[in-house]
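Structure, as C-alpha cells:
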Amino acid sequence: MTTNLLAHRVDRVLMIQAPPEIVFGFFTDNERWAAWWGAGSTIDPTPGGEVRILMPGGVEVRGEVLEIAAPVRLVFTYGFTSGTPIPVGASRVQIELEESNGATRLQLFHDFDEPAVRNEHVQGWRYQMSLFSNLVANRLHAGAAQTVDQWFAAWSEPDGATREAALDRIAASNVQFSDQFSAIAGLDDLKPHLAAVHTFMPGMRIMRDGEVRHCQGRVLADWVARGADGNERARGTNVFALFGDGRVASVVGFWNRPAAGTRG
Numbered sequence: 001m002t003t004n005l006l007a008h009r010v011d012r013v014l015m016i017q018a019p020p021e022i023v024f025g026f027f028t029d030n031e032r033w034a035a036w037w038g039a040g041s042t043i044d045p046t047p048g049g050e051v052r053i054l055m056p057g058g059v060e061v062r063g064e065v066l067e068i069a070a071p072v073r074l075v076f077t078y079g080f081t082s083g084t085p086i087p088v089g090a091s092r093v094q095i096e097l098e099e100s101n102g103a104t105r106l107q108l109f110h111d112f113d114e115p116a117v118r119n120e121h122v123q124g125w126r127y128q129m130s131l132f133s134n135l136v137a138n139r140l141h142a143g144a145a146q147t148v149d150q151w152f153a154a155w156s157e158p159d160g161a162t163r164e165a166a167l168d169r170i171a172a173s174n175v176q177f178s179d180q181f182s183a184i185a186g187l188d189d190l191k192p193h194l195a196a197v198h199t200f201m202p203g204m205r206i207m208r209d210g211e212v213r214h215c216q217g218r219v220l221a222d223w224v225a226r227g228a229d230g231n232e233r234a235r236g237t238n239v240f241a242l243f244g245d246g247r248v249a250s251v252v253g254f255w256n257r258p259a260a261g262t263r264g
C-alpha cells in the first residue's frame, strides 16, 4: 500500500517551552525516544532508517524515516506489526518544529487512508503529545529545585550587590512577581522591592520547605519564612513559571499563615 494517497489526517499543534534544538533531540537519540514511547523503542535518524515503537501490552509499531531535517522536520511511515489497525508502511507521520519567542511550535500530521482508523488515533496522539511535552519539560527543568532555592536565597540575602547579581543570573529582565503585598513588573522593580524587605524586616530568611512539584515548566514550591531570631513568621506556596532557558519568568506567592506585621 502506498502512502502517497492518504486523504484523512490527524492534525495537532502544541507549544513547548524549549528551543527547537532541544525538542528535536528527542527524535535523534534512542534513549530519549524510548523515554517517550517505551523501553526498547528505537529510531535510526537517517533517511531509510528504521523506526520502532514498543507500546504497553506488547503492541509494536514499525516504520521508516522518509525525511529528516534538524531541527525542523521528521517524516516517517507508521504501521503495526500485528493486528489490523494499520499495516506497516500504510500511514505517514510528519512532525514540524518552528521557533516562537524562545519556545517551539510543534505541529504533527498523521495521514491515513481510512477515516475510521484516523478517528481511532485522535485521542492517542492527544495523549502521546502531552506525554512528550512533559518529557521535554522535565528534562529541560531537571534543576528546577536549585532554581527555586536560588530565588529564595536571593530574597534572604542582606547584601544588595550580591542579591542583585543573584537575581540577574536566575530571573528574566521582565520577571513578574505577585503576592498579597506585591505587584512587581521587571527586575528594575523587583530589586528595590527586595531591598525594602531587608529595610523593614532585617534578618528575615525564606527557605524552601519540602520537595518541589514540576509540570510543563510550572513549579510549585512551599516555603517558610523565619525572622532574625530563628522563629517562624509565615508559611506559603509559590508558583514559578520558567522560560525555556531555565530563567524565572514569573512567580505568584500564596501565604498560608502570615504572622502579624510580616510582608514579602
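Numbering-wise (our numbering), the sequence shown opens with residue 1 and increments by one.
Glycine included, every Cβ here is placed at the ideal spot set by N, Cα and C.
All values reported here derive from a predicted model rather than from experimental measurement.
| query | For I86, which of helix, strand or coil comes out of DSSP? | reply | As a first step, residue 86 must be located in the sequence shown, where it is residue number 86. Coil, per DSSP.
| field | Those runs of the beta strand (DSSP E) which lie wholly inside the region 4-63 and span at least 3 residues | value | 8-16 and 50-54
| query | When DSSP labels each residue in this structure, what does D297 get in the three-state scheme? | reply | Residue 297 lies beyond the residue range present for the chain, which begins at 1 and ends at 264; the question has no answer from this structure.
| CB contact flag (V148, F243, <8 angstroms) | As a position in the sequence shown, residue 148 is number 148, starting the count at 1. As a position in the sequence shown, residue 243 is number 243, starting the count at 1. Cβ distance not < 8 angstroms, so V148 and F243 don't count as in contact.
| task | Take E21 as the anchor and find which of N238, R208 and E98 has the nearest alpha-carbon. | result | Residue mapping note: residue 21 aligns to position 21 of the sequence shown, counting from 1. When only C-alpha atoms are compared, the closest one is E98.
| field | Burial state of F181, where buried means 16 or more other Cβ atoms lie within 10 Å | value | Here residue 181 is taken as the residue at index 181 of the sequence shown, counted from 1. With fewer than 16 other Cβ atoms within 10 Å, it is exposed.
| task | State buried or exposed for Y78, treating a residue as buried only when at least 16 other CB atoms are found within 10 Å of its CB. | result | Taking the sequence shown and counting its residues from 1, the one referred to as residue 78 is at position 78. Flag for Y78 reads buried.
| How would you call G236, buried or exposed, if buried means at least 16 neighbouring beta carbons within 10 angstroms? | Residue 236 sits at position 236 when you count from the first residue of the sequence shown. G236 should be labelled buried.
| query | So is Q146 buried or exposed if we call it buried at 16+ other beta carbons inside 10 Å? | reply | Taking the sequence shown and counting its residues from 1, one reaches residue 146 at position 146. Classification of Q146: exposed, given that the 10 Å Cβ count is below 16.
| query | Looking only at C-alpha atoms, which of A183, S130, L187 and P202 sits nearest to D159? | reply | If you number the sequence shown from 1, residue 159 lands on position 159. Closest by alpha carbon: P202.
| request: Note down, one range per segment and in chain order, each alpha helix (DSSP H) of at least 4 residues found wholly within the region 142-218. | output: 144-156, 160-170 and 187-200
| What is the DSSP secondary structure of F243, counted as helix, strand or coil? | For the purposes of this step, residue 243 is taken as the residue at position 243 of the sequence shown. Residue state, collapsed to three classes: coil.
| Boundaries (first-last residue) of the alpha helix (DSSP H) holding A249 | Residue numbering aside, residue 249 sits at position 249 when the sequence shown is read from its first letter. Where A249 is concerned, there is no enclosing alpha helix (DSSP H), although the beta strand (DSSP E) it sits in stretches over V248 to W255.
| query | Sorry if obvious, but does the Cβ on F26 come closer than 7 angstroms to a heavy atom of the ligand FAD? | reply | The ligand FAD is not part of the structure shown, which contains no ligands of any sort.
| Using the rule of at least 16 other Cβ atoms within 10 Å of the residue's Cβ for burial, across every protein chain shown, is D188 buried or exposed? | As a position in the sequence shown, residue 188 is number 188, starting the count at 1. So D188 ends up on the exposed side.
| When you compare only the Cα positions, how much space is there between W151 and T28? | Here residue 151 refers to the residue found at position 151 when the sequence shown is read from its first residue. Here residue 28 refers to the residue found at position 28 when the sequence shown is read from its first residue. Near 34 angstroms, if we compare the C-alpha coordinates of T28 and W151.
| Given A154, which residues of its chain have a CB within under 6 angstroms of its CB, disregarding the five upstream and five downstream residues? | Working through the sequence shown from its first residue, we reach residue 154 at position 154. The answer, listed in chain order, is R163, A166 and L167.
| query | Is F132 closer than 8 angstroms to W36 when the C-beta atoms are compared? | reply | Translated into positions along the sequence shown, residue 36 becomes position 36. Translated into positions along the sequence shown, residue 132 becomes position 132. Yes. Within cutoff.
| message | So, at 6 angstroms on beta carbons, what are the nonlocal neighbours of V251 in its own chain, with the 5 sequence-adjacent residues on each side left out? | response | By 1-based counting over the sequence shown, the position of residue 251 is 251. Correct list, in chain order: F177, N238 and F240.
| request: Output the boundary residues of the alpha helix (DSSP H) element that contains V122. | output: Counting from 1 along the sequence shown, the entry for residue 122 is found at position 122. Unbroken alpha helix (DSSP H) run through V122: P115 to L140.
| said: Please report the distance separating the alpha-carbon of R218 from that of G25. | reply: For the purposes of this step, residue 218 is identified with residue 218 of the sequence shown, where counting begins at 1. For the purposes of this step, residue 25 is identified with residue 25 of the sequence shown, where counting begins at 1. The straight-line gap from Cα to Cα measures roughly 22 angstroms.
| Presumed contact (8 angstroms Cβ cut-off) between G102 and D245, rounded CB distance | To locate residue 102, count along the sequence shown from 1; it is residue 102. To locate residue 245, count along the sequence shown from 1; it is residue 245. That belief holds up - the Cβ atoms of G102 and D245 are roughly 7 angstroms apart, short of 8 angstroms.
| query | Within 10 angstroms of its Cβ, does G261 collect 16 or more other Cβ (buried), or is it exposed? | reply | Working through the sequence shown from its first residue, we reach residue 261 at position 261. Legend: pLDDT at G261 = 47, less than 50; position of this residue unreliable, no value from coordinates given.
| message | I believe R92 touches L6 by the beta-carbon criterion, under 8 angstroms. Please report the beta-carbon distance rounded to the nearest angstrom. | response | Here residue 92 is taken as the residue at index 92 of the sequence shown, counted from 1. Here residue 6 is taken as the residue at index 6 of the sequence shown, counted from 1. With 8 angstroms as the limit, R92 and L6 qualify as a contact, their Cβ atoms being about 6 angstroms apart.
| field | Extent of the continuous beta strand (DSSP E) run through T77 | value | Residue mapping note: residue 77 aligns to position 77 of the sequence shown, counting from 1. Start and end: R73 to F80.
| Length of the line joining the Cα atoms of M1 and S82 | Here residue 1 refers to the residue found at position 1 of the sequence shown. Here residue 82 refers to the residue found at position 82 of the sequence shown. At M1 the pLDDT is 43, less than 50, meaning the model places this residue with poor confidence; the figure from the coordinates comes in the next sentence. Cα-Cα distance, rounded: 16 angstroms.
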